[in-house]
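Novice: Here it is: the structure, laid out below.
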Amino acid sequence: MINNILFIGSKKLGLKALKEIRELAPEKIQHFITVDDSSDVRSDLDSFSKYAEESGLEMFTLKKPSGLKEIVGKIKPDLCIVVGWYWILPESVLDMVPRGVIGMHGSLLPAYRGFAPFVWAILNDEEKTGISMFYFDKGMDTGDIVDQAEIPIAENDTIADVLHKAEVEIIDLLRKNLPLLIKGTARRIKQSGDNISYCGRRKPEDGLINWTDNNINIHNFIRAQSSPYPGAFTYLNGKKITILKAKIFSYPYFGVPGAVSYFSEGRPVVACGDGAIEIIDAVTNDEENNIIDADIKFGTQFGGNN
2 MINNILFIGS
12 KKLGLKALKE
22 IRELAPEKIQ
32 HFITVDDSSD
42 VRSDLDSFSK
52 YAEESGLEMF
62 TLKKPSGLKE
72 IVGKIKPDLC
82 IVVGWYWILP
92 ESVLDMVPRG
102 VIGMHGSLLP
112 AYRGFAPFVW
122 AILNDEEKTG
132 ISMFYFDKGM
142 DTGDIVDQAE
152 IPIAENDTIA
162 DVLHKAEVEI
172 IDLLRKNLPL
182 LIKGTARRIK
192 QSGDNISYCG
202 RRKPEDGLIN
212 WTDNNINIHN
222 FIRAQSSPYP
232 GAFTYLNGKK
242 ITILKAKIFS
252 YPYFGVPGAV
262 SYFSEGRPVV
272 ACGDGAIEII
282 DAVTNDEENN
292 IIDADIKFGT
302 QFGGNN
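Here the numbering used here is used: the first residue of the sequence shown is 2, the next is one more, and so on.
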């Protein structure tokens, strides 16, 4: 029987998971660890602090990962649950938790192990992704599976749409499996040796659009990196333009990649290496307003960086 659960996490999703754990097992959790990510626009640190005051849970805030081992050693949890954490948990910490450390990964493991799995799934034009509830081990997302849930990816889903679907599935997996974990009856299945793949890190500068690519790939590229991520971008007369939303132009289109020579219902159509896309929403780097009407005209040529 598990009596002491420690939550480790951050961001809006992490807070939702923490609240759900306390709702499901209020007598089992007294502490949680989060990170000082106040410089991140997605930070929910203030909400974590407010929740600690309201709930009476003890909150530990880390500015660097080196302090994690000391806190875990102090709390001595039977089980840790991790949601929204971006630092590697060293093997020395994992060994301190007798019933294991459970995490959520944004794929159907063993596919898409590693970084930004939802982004890579959209970039690769996948029709589905998923959430895996699994045990951390010393490998990269290689631990035993507790449970999984599939998430469909529709043709025009953005990363925000997929993240919203993931939130729903993560909470559902917690509701389904936490009581079993506490009783010691949850499944523990070794990952398959088939369909293994890995994802590399992505940086904001990786969002530069290559207009010589085909329209399907460019459409995926835009929707995979839209809000809350930095976005796919291009340049117009030396000005950085972030494209927030687009769709595939539904007719064959022949033109110089990056050039606009047609408007569909007022939306600029940009030629790609094969086909075209319609820009629905785009902003300059220093403005929040839509720049379609003001800046994009017939003959506009996107591309380069100057």
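Don't be surprised by glycine CBs; every beta carbon is placed ideally from N, CA and C.
All figures in this text were calculated on a predicted structure; none of them were measured in a lab.
When DSSP labels each residue in this structure, what does residue 221 get in the three-state scheme?
Specialist: Residue mapping note: residue 221 aligns to position 220 of the sequence shown, counting from 1. Reduced to three states, the DSSP call for residue 221 is helix.
Novice: Which value, in whole angstroms, describes the spacing of the CA atoms of residue 307 and residue 211?
Specialist: Locating residue 307 in the sequence shown gives position 306, counting from the first residue. Locating residue 211 in the sequence shown gives position 210, counting from the first residue. Below a pLDDT of 50, predicted positions are generally treated as unreliable, and residue 307, at 49, falls in that range; no measurement from the model is reported.
Novice: In angstroms, rounded to a whole number, what distance separates the CA positions of residue 252 and residue 154?
Specialist: Looking up residue 252 in the sequence shown gives position 251. Looking up residue 154 in the sequence shown gives position 153. Roughly 23 Å between the two C-alpha positions.
Novice: What are the boundary residues of the alpha helix (DSSP H) that includes residue 193?
Specialist: Numbered from its first residue, the sequence shown carries residue 193 at position 192. That residue, residue 193, is in no alpha helix (DSSP H); it is neither H nor E in DSSP.
Novice: In angstroms with no decimal places, state the Cα-to-Cα distance between residue 304 and residue 49.
Specialist: Taking the sequence shown and counting its residues from 1, the one referred to as residue 304 is at position 303. Taking the sequence shown and counting its residues from 1, the one referred to as residue 49 is at position 48. So the alpha carbons of these two residues sit roughly 42 Å apart.
Novice: Kindly give me the distance between the Cβ atoms of residue 308 and residue 167, rounded to whole angstroms, as I take these residues to be in contact under 8 Å.
Specialist: Because the chain is modelled from 2 through 307, residue 308 falls outside the range shown and cannot be assessed.
Novice: Taking the beta strand (DSSP E) that residue 83 belongs to, which residues open and close that run?
Specialist: Position 82 of the sequence shown, counted from the start, is the residue given in the question as residue 83. First-last of the beta strand (DSSP E) with residue 83: 80-84.
Novice: Distance, Cα to Cα, residue 121 vs residue 98?
Specialist: To locate residue 121, count along the sequence shown from 1; it is residue 120. To locate residue 98, count along the sequence shown from 1; it is residue 97. About 32 Å.
Novice: Put residue 98 into one of helix, strand or coil per three-state DSSP.
Specialist: What you label residue 98 is simply residue 97 of the sequence shown in a count that begins at 1. Coil, per DSSP.
Novice: So who's on the other strand from residue 106, going by DSSP bridges?
Specialist: Position 105 of the sequence shown, counting from 1, holds the residue named residue 106. According to DSSP, residue 106 bridges with 133.
Novice: Answer yes if the region 256-270 comes into contact with the region 201-208, meaning at least three C-beta pairs across the two stretches below 8 Å, and no otherwise.
Specialist: Cβ pair count under 8 Å is below three, so no.
Novice: Any idea if residue 277 is buried or exposed, counting beta-carbon neighbours within 10 angstroms, 16 or more meaning buried?
Specialist: As a first step, residue 277 is located in the sequence shown; it is residue number 276 there, counting from the start. So residue 277 counts as buried.
Novice: Note down, in chain order, each residue of its chain lying with its Cβ closer than 6 Å to the Cβ of residue 101, except the 5 sequence neighbours on either side.
Specialist: Counting from 1 along the sequence shown, the entry for residue 101 is found at position 100. 136.
Novice: Just list the residues that DSSP pairs residue 141 with in beta bridges.
Specialist: Counting from 1 along the sequence shown, the entry for residue 141 is found at position 140. Partner(s): none; residue 141 has no beta bridge.
Novice: Strictly under 8 Å for the Cβ-Cβ distance: is residue 247 near chain B by that measure?
Specialist: Looking at the structure shown, chain B is missing, and only one protein chain is on hand.
Novice: Assign residue 73 to one of three DSSP states: helix, strand, or coil.
Specialist: On the sequence shown, position 72 is the one that residue 73 refers to. Residue 73: helix per DSSP, three-state reduction.
Novice: Express the C-alpha separation of residue 84 and residue 147 in angstroms, rounding to a whole number.
Specialist: Looking up residue 147 in the sequence shown gives position 146. Looking up residue 84 in the sequence shown gives position 83. When rounded, the distance between both Cα atoms is 15 Å.
Novice: Excluding sequence positions up to five away, which residues of its chain have a Cβ less than 8 Å from the Cβ of residue 116?
Specialist: Against the sequence shown, residue 116 aligns to sequence position 115. So the list reads 200, 201, 202 and 203, once near-sequence residues are dropped.
Novice: Apply the 10 Å Cβ neighbour rule to residue 181 and answer buried if 16 or more other Cβ atoms are within range, or exposed otherwise.
Specialist: If you number the sequence shown from 1, residue 181 lands on position 180. Result: exposed.
Novice: Rounded to whole angstroms, what is the Cα-Cα separation between residue 226 and residue 139?
Specialist: Within the sequence shown, residue 226 is the residue found at index 225, counting from 1. Within the sequence shown, residue 139 is the residue found at index 138, counting from 1. Cα to Cα, the separation comes out at about 29 Å.
Novice: Near residue 275, which residues of its chain fall below 6 Å by C-beta distance, leaving aside the five closest residues on each side in sequence?
Specialist: As a working mapping, residue 275 is identified with position 274 in the sequence shown. Excluding sequence neighbours, residue 275 sits near 215.
Novice: Please specify which runs of the beta strand (DSSP E), each continuous and at least 3 residues long, are wholly inside the region 199-252, giving them in chain order.
Specialist: Qualifying beta strand (DSSP E) stretches, in chain order: 233-237 and 240-249.
Novice: So, at 6 Å on beta carbons, what are the nonlocal neighbours of residue 223 in its own chain, with the 5 sequence-adjacent residues on each side left out?
Specialist: The residue given as residue 223 occupies position 222 in the sequence shown. Answer for residue 223: 233, 244 and 247, listed in chain order.
Novice: Going straight from the alpha carbon of residue 3 to that of residue 240, what length do you get?
Specialist: Looking up residue 3 in the sequence shown gives position 2. Looking up residue 240 in the sequence shown gives position 239. Their backbone Cα atoms lie some 57 Å apart in a straight line.
Novice: What are the start and end residues of the beta strand (DSSP E) that includes residue 281?
Specialist: Counted from its first residue, the sequence shown places residue 281 at position 280. Per DSSP, residue 281 belongs to the beta strand (DSSP E) from 277-285.
Novice: My understanding is that residue 179 touches residue 7, with C-beta atoms under 8 Å, so please give their C-beta distance in whole angstroms.
Specialist: As a position in the sequence shown, residue 179 is number 178, starting the count at 1. As a position in the sequence shown, residue 7 is number 6, starting the count at 1. Contact doesn't hold; Cβ gap of about 13 Å is too wide.
Novice: Would you mind working out which of 57, 18 and 5 sits nearest residue 312, comparing C-alpha positions?
Specialist: Outside the displayed span of the chain (2 to 307) sits residue 312, for which this structure offers no information.
Novice: So what's residue 115 in DSSP terms, helix, strand or just coil?
Specialist: Your numbering for residue 115 matches position 114 in the sequence shown. In this structure, residue 115 counts as strand in the three-state DSSP scheme.
Novice: If distances are taken between C-alpha atoms only, which option among 96, 71 and 60 comes closest to residue 79?
Specialist: Within the sequence shown, residue 79 is the residue found at index 78, counting from 1. Of the candidates 96, 71 and 60, the one whose C-alpha sits nearest the C-alpha of residue 79 is 96.
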